[in-house]
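Encoded as structure tokens, the structure appears first; notes follow it.
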């Protein structure tokens, strides 16, 4: 919808993440899903936690050169590291399967 004072957001693949990195993250999610279905809940949760922390740290360290981009550097790092740490804490507190 266009109107007075409205502008279209700038969208460019130059500012998005790299597909090869996103496919690696997707592969980890698929592996974690298979592990969870097989009954290895702890391993699946740990895989997601480690991947989340890694993506957050990659984004924080590489900033605009990062292959993992969703929003701003601060948002991506906070969400990734926060999710990973939160899942890790839950793994130690809540008794789950294998």
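In the numbering used here, the protein residues as written are 6 to 103.
C-beta atoms are modelled at their ideal positions from N, C-alpha and C, and glycine is treated no differently.
As the structure is a computational prediction, the values presented were derived from the model and not from experiment.
- Closest by C-alpha distance to residue 60, out of 75, 93, 40 and 44, is 75.
- When secondary structure is reduced to three states using DSSP, residue 73 falls in the coil class, being assigned neither helix nor strand.
- Here residue 23 carries a coil assignment [DSSP, helix/strand/coil].
- Between the alpha carbons of residue 63 and residue 42 lies a distance of about 29 Å.
- 83 is the residue among 54, 89 and 83 whose C-alpha sits nearest the C-alpha of residue 68.
- Only residues of its own chain outside the window of five on either side were considered, and among them 52 and 56 have a CB closer than 7 Å to the CB of residue 33, listed in chain order.
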